[in-house]
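Each residue of the sequence shown is one higher than the one before, starting from 0 at the first, in numbering that gives the first Met the number 0.
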Amino acid sequence: MQDEVQPIVQANLVIRNIKQLVTVAQQPIAGASGPLQVIANAAVAVHNGGIVWIGTDDDAGPLFQHDTAAAQDGITIVDAQGAVVTPGLVDSHTHLVFAGDRAEEFHLRRSGVSYAELLAQGRGILSTVTATRQASTQQLMELATARLESMRKHGTTTVEVKTGYGLDTVTEEACLRLINSLNALEESARYKQQLNQLRVVPTFLGAHTVPPEYRDRRDAYVDLIVEEMLPSFVGLARFCDVFCEREAFTLEESRRVLTRAKELGYLLKLHANQLSPSGGAKLAAELGAVSADHLDHASDADLDAMRDAGVVATLLPGCSYTLRSPYPAARRFLDHGLPVALATDFNPGTSYCENMQMMIGLAMSHMDMTLEEALAAATINAARALALQDVIGSIEVDKRCELAFWSLSDYREIGYHFGVNLVESVLVRR
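The structure is reproduced here in structure tokens:
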């Protein structure tokens with residue numbers, strides 16, 4: 000009698016019957032093809048949340064038992080039912096925590112009022128600040144969890160979430176604590192059985208705009224951020240971000256905030272060169288920011304400086320769509336050798352969209368990106384924009400299991416079949 004075949008690789012979860020595994024691997028994988036390292040008829044093995052094996056489904060059979068005894072031995076077999084599987088999408092720029100809406104503002108812009116004019120009138124961000132300050136923590140939590148659920152349904156598994164609609168110490172801290180609590184949602188009754196919790200990355204954006212009570216003493220507000228908020232929020236936020244723009248914070252104000260943040264151990268991000276050549280992109284390079292975002296008005300010299308400093312260029316096509324402004328030419332960024340990420344910039348004023356699939360489609364149709372470039376921008380490069388590229392963003396051994404299952408016959412339908420949700424489910428094991 001032959002000895003029973005035992006698993007060679009230790010795993011407690013094996014995903015089989017994958018039609019195409021789009022790994023986006025950064026190192027060549029045996030049997031994979033194309034720039035996205037696609038494996039046909041694939042399987043993935045996971046142990047305690049980490050990927051331990053990738054290969055063909057035929058090879059998985061001898062390695063991993065798939066009968067009742069296997070389940071008793073602690074191996075769970077997931078049948079992908081012929082789905083296309085990609086890394087979970089990474090949304091590296093969102094403003095998820097807020098109350099109220101700005102639908103009226105949306106229609107005012109359609110009548111010819113510019114975004115800058117709305118800011119000057121005290122609308123825009125300040126409208127959301129008022130609504131957010133008036134909302135209870137419970138209301139903000141319910142709104143945020145509903146938005147996260149929508150993101151999850153559209154294939155996102157990691158989300159960066161900024162503050163910036165409190166603009167005082169008490170509300171900014173409350174929002175940061177709320178954002179951190181989103182990482183523990185599986186403890187609640189609603190999420191306890193899902194085991195598919197999104198990863199949430201907190202960012203402090205107190206320098207979003209000057210609040211109305213500091214309108215005539217903006218230096219005092221910058222002092223508040225630098226001397227009180229930043230030291231108080233160490234450990235609550237991974238990143239510090241600044242909206243460096245004429246209508247928000249000057250180049251020198253931005254430098255002061257970010258320099259202090261860096262001294263305190265925050266990683267840096269910037270809203271840079273969105274509305275004008277603000278100098279934010281060059282500042283991002285100077286300070287070694289992880290990413291500079293928007294970049295609609297970045298010069299060639301800015302792009303070269305960012306490339307040399309290792310700054311990720313995060314492009315936000317949802318803003319161009321909403322504001323009806325020209326889309327940033329991604330080909331230009333790519334030709335300068337920059338890693339390009341895509342994100343939704345989910346917010347109530349300029350990109351009210353939770354759907355990263357939409358961003359991939361816009362990048363392909365309006366920004367001259369190929370599917371392969373856009374999908375990499377929504378996964379591994381977006382992970383780079385969060386300094387998490389060694390953890391997530393591609394399907395490779397030793398990375399965490401964050402997967403999106405697509406109802407497709409071929410991954411090249413992404414961006415081609417549009418206007419519907421193509422993601423069937425996500426699978427996250429932390």
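Each residue gets a CB set at the ideal place from its N, CA and C atoms; glycine is no exception.
Counterpart residues of residue i in DSSP-defined beta bridges
i      : result
Glu159 : Val200
Ile53  : Val43
Ala271 : Cys243 and His293
Gln19  : Ala39 and Val83
Val339 : Ala312
Thr75  : Leu12
Val233 : Ala236
Phe345 : Thr93
Leu266 : Phe238
Near the ligand PLP: residue i beta-carbon under 7 Å from a heavy atom
i      : result
Arg101 : The model on display carries no ligand, and the ligand PLP is accordingly not part of it.
C-beta contact flag for residue i and residue j at 8 Å
i      : j      : result
Ser277 : Ala283 : no
Ala376 : Ala340 : yes
Thr85  : Leu374 : yes
Pro34  : Glu371 : yes
Val160 : Leu95  : yes
Gln36  : Val51  : no
Asp367 : Ala342 : no
Asp167 : Pro210 : yes
Asp344 : Leu315 : yes
Val241 : Leu223 : no
Tyr326 : His293 : no
Leu118 : Leu107 : no
Integer-rounded CB distance, given that residue j should sit under 8 Å from residue i
i      : j      : result
Thr156 : Thr131 : Rounded, the Cβ-Cβ distance is 26 Å, inconsistent with contact.
Ala431 : Ala300 : Residue coverage of the chain in this structure runs from 0 to 429, which leaves residue 431 outside it and unanswerable.
Leu263 : Leu229 : 6 Å
Ile53  : Asn11  : About 16 Å; that fails the 8 Å criterion.
Cys239 : Tyr265 : 4 Å
Asp409 : Gln19  : 7 Å
Val311 : Ala236 : That pair is no contact at about 18 Å.
Asp100 : Met150 : Rounded, the Cβ-Cβ distance is 18 Å, inconsistent with contact.
Gly348 : Glu104 : 6 Å
Phe232 : Leu175 : 6 Å
Asp332 : Leu302 : Per the sequence presented here, residue 332 reads as Phe, with Asp not at that position. Their Cβ separation, rounded to whole angstroms, is 6 Å, which keeps Phe332 and Leu302 in contact under 8 Å.
Ala44  : Asp56  : Actually they are not in contact, since the Cβ atoms of Ala44 and Asp56 sit about 11 Å apart, beyond 8 Å.
Assigned exposure category for residue i - 16 Cβ within 10 Å defines buried
i      : result
Glu251 : exposed
Val128 : buried
Asn354 : buried
Val422 : buried
Pro338 : buried
Val427 : buried
His207 : buried
Ile17  : buried
Ala188 : Any reading at Ala188 needs caution, since the residue's pLDDT is 42, under 50, leaving its predicted position unreliable; the model's value is listed next. Looking at its Cβ environment, which holds fewer than 16 other Cβ atoms inside 10 Å, Ala188 is exposed.
Cys415 : Here the sequence assigns Tyr to residue 415, which means Cys is not the residue at that position. That one is exposed.
Gln388 : buried
Gln273 : buried
Arg15  : buried
Asp2   : Residue placement at Asp2 cannot be trusted, given a pLDDT of 47 that sits under 50; the coordinates are not used to answer.
Next on the checklist: Restricting to runs no shorter than 4 residues, where is the alpha helix (DSSP H) found entirely within the segment 359-413?
Outcome noted: 370-376 and 379-383
Checklist entry - Where in the segment 97-172 do unbroken runs of the alpha helix (DSSP H), each at least 4 residues long, occur, reported from the N-terminal end onward? => result For the segment 97-172, whole alpha helix (DSSP H) runs of length 4 or above, ordered along the chain, are 102-109, 114-119, 124-133 and 136-152.
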